[in-house]
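Scroll down for the structure; my scribbles are underneath it.
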Amino acid sequence: MIERTDYLKRLLSFKDKKVIKVITGIRRCGKSTLLQQYTDCLKKQCVADDKIIFVNLESAKYDSICDYHALYSLIESQIKKNDGRHYVFLDEVQNVASFEKAVESLCVDFDIDIYITGSNAYMLSSELSTLLSGRYVEIFVQPLSFKEYYSVWQDYDKEKIFYQYMKYGGFPFLAKETDEMVINSYLDGIYNTVVLKDIIKRNEIKDITGLENVLKTVLSSIGGLISANSLAKELRSSGRSSTNETVEKYLEMFCNAFILNKAVRYNIRGKAYMKTLSKYYVSDLGLRNNVLGYRQMDVTHALENLVYLELIRRGYQVDIGKVNETEIDFVARKQEFIEYYQVSFTVNNSADTLNREIRPFDAVDDHYQKILITMDKDFVSDINGIKKLYAVDWFLNG
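Each position in the sequence shown, counted from 1, maps to that position plus 1486 in the working numbering.
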């Protein structure tokens, strides 16, 4: 089992704080395992087993827990068995109708430290946000980072394993797997569960083919600017019926299920967000490759996708930079700290390629760090103040 060290540190930093810990992320990214690892940490800190209440609401054992009254009663009965603080873990709690009412009441009525997980953003709907306003913190969990993935492959060439990670993704179950039939079967299962259970069923989608066409079109255009209007036009031009409103709803559903991540454009000089054209990055490249049948993906865009996910993982807010007529791949913010990123497979093939990648930096007239990430292995680490980094090492050193 790969220890999710960074997430454990975040959870431990909120231990015994009067906030509800909400752990979100795509299905099978490791949320349940993370909670199990966290309960092990609690036990090492001398928290007794009978003070830990763990309820996996996807287990048939809890099929009768279908509303907040039943959930409250279940936890209440466990707490009343002994005195003192209890640590309550509710896994996939969105399966319980109005669960937030039970969570709020439990926090009011008992001395508990509570943790809840869910596989879609509906957990943080306006109702929950209103009810628990100021009393919860979200911890967004992704599939394995390359650093985590490589921890089980350290005897092998790091670049070879990086390309393997780029192809098959980072779902924890697949970290040690090399059998393509097993990998594809597992990724099929995730796709079918997320799309069929978390999207189609929840949203009562009738046009399943249309929904999948939107997703496949976006997955084929990683790194490209997209709008609902342009996407609907593209679908109509290929003979598939679609409207702007429908496409927009579908995109929101994919983001809510954590399949896609939306990055909006930010006007660096105007210091304002732009309402038109965004980019979408997939939560796991293995999932993308499996859905599209491993059709060739531009390596630069695959690398760009991984850099985006890694910046999010490191706690940055990540936008697409727009300055004059040029674009910077990523504007990464953490509080008042900013970094600018360009991503390219290589810039060593020609002077034109290098100039194309660094030219957008010239249009930015502030003092923040500018970084170029490539797969080039050379000794050039600085280009006129621009930091050039070898991608594999950048991922491993984060």
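We put the CB at the ideal spot given by N, CA and C, even for glycine.
query                                                                                                                                                : result
Select from Tyr1642, Lys1644, Tyr1548 and Gln1628 the residue whose C-alpha is nearest the C-alpha of Pro1658.                                       : Gln1628
Can you tell me the Cβ-Cβ gap for Arg1513 and Ser1631, rounded? I've got them flagged as a contact below 8 Å.                                        : Not really, about 18 Å apart at Cβ, beyond 8 Å.
If you follow the beta strand (DSSP E) that Gln1803 is in, where does it begin and where does it stop?                                               : Gln1803 to Val1809
Under the assumption that Val1589 contacts Ile1602 (Cβ atoms under 8 Å), give the Cβ distance between them as a whole number of angstroms.           : 7 Å
Under 8 Å Cβ to Cβ from Asn1870, same chain only, skipping five residues before and after it: list those, please.                                    : Ile1844
So Thr1860 is in the alpha helix (DSSP H); what residue range does that whole segment cover?                                                         : Note, Thr1860: premise wrong, no alpha helix (DSSP H); beta strand (DSSP E) at Gln1855 to Thr1860.
Along the chain, where does the beta strand (DSSP E) that runs through Leu1711 open and close?                                                       : Premise fails: Leu1711 is in no beta strand (DSSP E) and is neither H nor E.
Would you call the CB atoms of Arg1800 and Gly1884 closer than 7 Å?                                                                                  : yes
Would you grab the beta carbon distance between Met1487 and Thr1525 for me? Rounded to a whole angstrom, and I think it's under 8 Å.                 : With a Cβ gap of about 13 Å, Met1487 and Thr1525 do not count as contacting.
Less than 8 Å between C-beta atoms, sequence neighbours within five positions excluded: which residues of the same chain meet that for Tyr1548?      : Val1541, Asn1542 and Leu1560
Do the segment 1769-1785 and the segment 1702-1710 touch if we need at least three Cβ pairs shorter than 8 Å?                                        : yes
Quick one: using the 10 Å Cβ neighbour count with 16 as the cut-off for buried, is Met1667 buried or exposed?                                        : exposed
Do Phe1831 and Met1783 have their C-beta atoms closer together than 7 Å?                                                                             : no
Determine contact between the segment 1784-1798 and the segment 1669-1689, defined as no fewer than three beta-carbon pairs at a distance below 8 Å. : no
Taking the straight line between their C-alpha atoms, what separation do you get for Tyr1654 and Cys1741?                                            : 21 Å
To the nearest angstrom, how far is the alpha carbon of Asn1747 from that of Ser1764?                                                                : 10 Å
Restricting to Cα atoms, I'd like to know which of Phe1575, Lys1566, Val1579 and Tyr1622 is closest to Phe1596.                                      : Lys1566
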